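Positions 0 to 245 (numbering that gives the first Met the number 0) are the ones given, in order, by the sequence shown. All C-beta atoms in this analysis are idealised placements derived from N, C-alpha and C, irrespective of residue type, glycine included. None of these values were measured; they are calculated from a predicted model.
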Amino acid sequence: MSTLSSGDEKRALVRAMFERIAPRYDLMNRLLTAGMDRRWRSRALHALRLQPGERLLDLACGTGDLALQAARAGVHSFGVDFAAPMLHLAAVRATSQQPTAHSTIAPGALHWVQGDAERLPLRNAAFDAVCCGFALRNFASLPAAISEMARVLRPGGRIALLDVDRPRSRVIGAAHSLYFDRIVPIIGGWLSDRRAYRYLPQSTAYLPPAPELHALLKSRGFADIALRRFLFGTVQLWSAARGAAP
Numbered sequence: 000m001s002t003l004s005s006g007d008e009k010r011a012l013v014r015a016m017f018e019r020i021a022p023r024y025d026l027m028n029r030l031l032t033a034g035m036d037r038r039w040r041s042r043a044l045h046a047l048r049l050q051p052g053e054r055l056l057d058l059a060c061g062t063g064d065l066a067l068q069a070a071r072a073g074v075h076s077f078g079v080d081f082a083a084p085m086l087h088l089a090a091v092r093a094t095s096q097q098p099t100a101h102s103t104i105a106p107g108a109l110h111w112v113q114g115d116a117e118r119l120p121l122r123n124a125a126f127d128a129v130c131c132g133f134a135l136r137n138f139a140s141l142p143a144a145i146s147e148m149a150r151v152l153r154p155g156g157r158i159a160l161l162d163v164d165r166p167r168s169r170v171i172g173a174a175h176s177l178y179f180d181r182i183v184p185i186i187g188g189w190l191s192d193r194r195a196y197r198y199l200p201q202s203t204a205y206l207p208p209a210p211e212l213h214a215l216l217k218s219r220g221f222a223d224i225a226l227r228r229f230l231f232g233t234v235q236l237w238s239a240a241r242g243a244a245p
């Protein structure tokens, strides 16, 4: 994807892209972040304060990192993604990982659903929490996706939205741009898909500035909205709670 698109065109291009990169998706995440993406995902789950038996929706779940981690803690996890190859790999991971005394996944605790984040095939108020890991910029309509998050959450339910960001510091921003805008596409082209990893840095343009995203969450009925940034401002984590009326 050499230029940014919108609407149905973006939806189709992003879906095809994730279907292509699915086989090396986990490898590239670990390599490009030096494994730190796992720590950020753990922080997102920690922000949700999940309790055993609660129901979590992992939106745009990819290969299921967040859903799997939550399920090991006794949470009923539902992973939704529109790329079937990603869901296939998530299911394979769930069955191939060896359980331990501290990470057993109970039967029926994991469910994988193919669907569009903007038109979820799920009932109202069905979940205690929603998480989304590094996918906000990939939705064709972020307002529609956030509206759907509010719809499927019970009153008081929590969200944790994790994505990339651009550092505010000029010096750090220059160093980050060198890596993110120039080196990442080269590595991605060597090891996975050149178009996909050229799109990755471009896609930050789809993310609204913090004040706009805060206003969007508030307009969809979320309260207690908080923003945390990690790794010198290169990663952002939004958390909030659904009010009585989304």
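Excluding five sequence neighbours on each side, which residues of the same chain lie with their C-beta closer than 7 Å to the C-beta of residue i?
i, result
"Glu117", "Phe138, Ala139, Ser140, Ala143, Ala144 and Glu147"
"Ala195", "Met16, Arg19, Ile20 and Gly187"
"Val183", "Leu31, Tyr196, Leu199 and Pro200"
Here's the rule I'm using: 16 or more other beta-carbon atoms within 10 Å means buried, otherwise exposed. How should residue i be labelled?
i, result
"Gly78", "buried"
"Trp237", "buried"
"Val91", "exposed"
"Ile104", "buried"
"Asn28", "buried"
"Pro166", "buried"
"Ala69", "buried"
"Ala214", "exposed"
Between residue i and the rest of its own chain, which residues show a CB-CB distance below 6 Å, the 5 nearest in sequence each way excluded?
i, result
"Ser1", "Annotation note: pLDDT 45 at Ser1 (below 50); position unreliable, coordinate value reported separately. The answer is none, since no qualifying residue turns up."
"Ala222", "Ala240 and Gly242"
"Leu65", "Arg40, Asp57, Cys130 and Gly132"
"Ala149", "Arg219, Gly220, Arg241 and Pro245"
"Asp36", "Asn28"
"Ala46", "Ala159 and Ser238"
Measuring only the C-alpha atoms, how far is residue i from residue j?
i, j, result
"Gly172", "Leu135", "21 Å"
"Pro245", "Leu230", "Because Pro245 carries a pLDDT of 45, less than 50, the predicted location of this residue cannot be relied on, and no value is offered for it."
"Gly52", "Lys9", "36 Å"
"Trp111", "Ile158", "19 Å"
"Arg54", "Ala93", "17 Å"
"Arg71", "Tyr178", "34 Å"
"Val170", "Leu161", "24 Å"
Which residues does DSSP list as the beta-bridge partners of residue i?
i, result
"Val13", "Beta-bridge pairing links Val13 to no other residue."
"Gln50", "BP columns for Gln50 are empty, so no partner."
"Cys131", "Leu58 and Leu160"
Got a sec? Which residues, its chain only, sit under 8 Å from residue i by beta carbon, not counting five neighbours each side?
i, result
"Arg193", "Pro184 and Gly187"
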